[in-house]
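Encoded as structure tokens, the structure appears first; notes follow it.
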Amino acid sequence: MTHKIAILGASGYTGAELVRLIATHPEMEIVALSADRKAGQSMASVFPHLRHLDLPTLVKIDEIDFADVDLCFCALPHATSQAVIRELPKHLKIVDLSADFRLRDPEAYAKWYGGPHAALEQQAEAVYGLTEFYREEIRSARLVAGTGCNAATGQYALRPLIAAGVIDLDEIILDLKAGVSGAGRSLKENLLHAELSEGYHAYAAGGTHRHLGEFDQEFSAIAGRPVKIQFTPHLMPANRGILATVYVKGEAARIHEVLAQAYAQEPFIEVLPFGEHPSTRHVRGSNFCHIGVVADRIEGRAIVFAALDNLTKGSSGQALQNANLMLGIEETTGLMLAPVFP
């Protein structure tokens, strides 16, 4: 059976990544692509690397007939998604890649995103899209909220450790480096090559990054009490990739054992041998996440690393993994492609 797919916001990086992944998916067909400023153009003109594909022309959202669409990916900007999704047909399965439905508490959303939520009914039904931990809920969901790419990386490193009680919950420091594609495709002066290359800097320091809302929500739910981590993201002059370096208080060998056991059956999570740590270059363009554990020189402390591609496992690959579950397709379909190296 072939499922008909629409992608809203197909002219952005995550939209293009969805097209790249779905292009070879044996059970999905892209029947509609939307864009705003680029409506009327072909995907080949917007993304020349996709010119070999026979794809629909980009159109405005209100030009799409959703009657025969089985699932819609929304790769729209934050705040735009909630207004659009609120008006979509009720029969339609939706995977949202924005931040609009990640937080369950409307007050938490207002705190982190600076205003009230405009689609509370949909917010209440949304399932958090961290596939490995919400798999069964995702299977039966109508609306799945994709995680933040930084939030996903940190959670893969920490969720099993919090659940197993093997680290001090008040001693967690997450130092994260992210590639520039995570900032989106819109023109920004600070992302110009001359401004970004040959440099490396922190941003949203001091606990202001919005993905902290996801960390607070998820880690506190696992622990059964409030958990707040220290988190500082950094922008690195690379197109893709996230590397999380997490400093924790706990016994390193036990931490590695817990992670290895937690992910032993997960097709996309690779826990490296004890003492090894991952690189973003080893997951580039793939839906894999590599995790490593190293003992610190200070006794009773450890360093946990997690690396993934922000556009694939951190966003569009995760979205396709969730869509497979929602449509009753084998979860790994279309996603087992090897990383691109070098």
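If you use UniProt numbering, the sequence shown corresponds to residues 1 to 342, in order. Using N, Cα and C, we set each Cβ at its ideal position, and we do this for glycine too.
>> Using only the alpha-carbon positions, how far apart do residue 63 and residue 39 sit?
In response: As a first step, residue 63 must be located in the sequence shown, where it is residue number 63. As a first step, residue 39 must be located in the sequence shown, where it is residue number 39. Roughly 10 angstroms between the two C-alpha positions.
> How is the beta strand (DSSP E) around residue 34 delimited, first residue to last?
Replying inline: Position 34 of the sequence shown, counted from the first residue, corresponds to residue 34. That run of the beta strand (DSSP E) goes 28 to 34.
>> residue 300 and residue 249 - do their beta-carbons sit closer together than 8 angstroms?
In response: Taking the first residue of the sequence shown as position 1, residue 249 is located at position 249. Taking the first residue of the sequence shown as position 1, residue 300 is located at position 300. Contact: yes.
>> I need the boundaries of the beta strand (DSSP E) containing residue 230, first residue and last residue.
In response: For this step, residue 230 is matched to residue 230 along the sequence shown. That run of the beta strand (DSSP E) goes 230 to 235.
>> Along the chain, where does the beta strand (DSSP E) containing residue 193 start, and where does it finish?
In response: Translated into the one-based positions of the sequence shown, residue 193 becomes position 193. Counting along the chain, residue 193 falls outside any beta strand (DSSP E), though it belongs to the alpha helix (DSSP H) covering 193 to 196.
> Taking Cβ to Cβ, would you say residue 219 is nearer than 8 angstroms to residue 231?
Replying inline: By 1-based counting over the sequence shown, the position of residue 219 is 219. By 1-based counting over the sequence shown, the position of residue 231 is 231. 8 angstroms or more divides the Cβ of residue 219 from the Cβ of residue 231.
>> Measuring alpha carbon to alpha carbon, tell me which residue in 281, 277, 139, 15 is nearest residue 326.
In response: For the purposes of this step, residue 326 is taken as residue 326 along the sequence shown, with counting starting at 1. Nearest to residue 326 by C-alpha distance, out of 281, 277, 139, 15, is 139.
> Taking C-beta to C-beta, are residue 33 and residue 16 nearer than 8 angstroms?
Replying inline: Numbered from its first residue, the sequence shown carries residue 33 at position 33. Numbered from its first residue, the sequence shown carries residue 16 at position 16. No, Cβ-Cβ distance for residue 33 and residue 16 is not below 8 angstroms.
> Relative to the alpha-carbon of residue 222, which residue among 105, 283, 133 has its alpha-carbon at the smallest distance?
Replying inline: Here residue 222 is taken as the residue at index 222 of the sequence shown, counted from 1. When each option's Cα is compared against that of residue 222, the closest is 133.
> With which residues is residue 225 paired in a DSSP beta bridge?
Replying inline: Numbered from its first residue, the sequence shown carries residue 225 at position 225. Bridge partners of residue 225 according to DSSP: none are assigned.
> If we call anything under 8 angstroms between Cβ atoms a contact, is residue 243 one with residue 202?
Replying inline: The sequence position of residue 243 within the sequence shown is 243, counting from 1. The sequence position of residue 202 within the sequence shown is 202, counting from 1. Going by C-beta atoms, residue 243 is not nearer than 8 angstroms to residue 202.
>> Mapping the DSSP letters down to three states, classify residue 172 as helix, strand or coil.
In response: Taking the sequence shown and counting its residues from 1, one reaches residue 172 at position 172. Residue 172: coil per DSSP, three-state reduction.
> Name the DSSP beta bridge partners of residue 247, please?
Replying inline: Your numbering for residue 247 matches position 247 in the sequence shown. Assignment of beta-bridge partners to residue 247 by DSSP yields 173, 303.
> How would you write the range of the alpha helix (DSSP H) that residue 133 sits in, first residue to last?
Replying inline: As a position in the sequence shown, residue 133 is number 133, starting the count at 1. DSSP places residue 133 in the uninterrupted alpha helix (DSSP H) bounded by 131 to 139.
>> Helix, strand or coil for residue 17? Go by DSSP, reduced to three states.
In response: Reading the sequence shown from its first residue, position 17 is the one you call residue 17. Helix.
>> On the DSSP bridge list, what partners appear for residue 62?
In response: Sequence index remark: in the sequence shown, residue 62 carries index 62 (1-based). In the DSSP output, where bridge partners are listed per residue, residue 62 has none listed.
> Do residue 173 and residue 247 have their C-beta atoms closer together than 8 angstroms?
Replying inline: If you number the sequence shown from 1, residue 173 lands on position 173. If you number the sequence shown from 1, residue 247 lands on position 247. Contact flag set, yes.
>> Between 328, 267, 235, 19, which has its C-alpha nearest residue 190's C-alpha?
In response: By one-based count along the sequence shown, residue 190 stands at place 190. Cα-wise, what sits closest to residue 190 is 235.
> Under three-state DSSP, which class holds residue 128?
Replying inline: As a first step, residue 128 is located in the sequence shown; it is residue number 128 there, counting from the start. Residue state, collapsed to three classes: strand.
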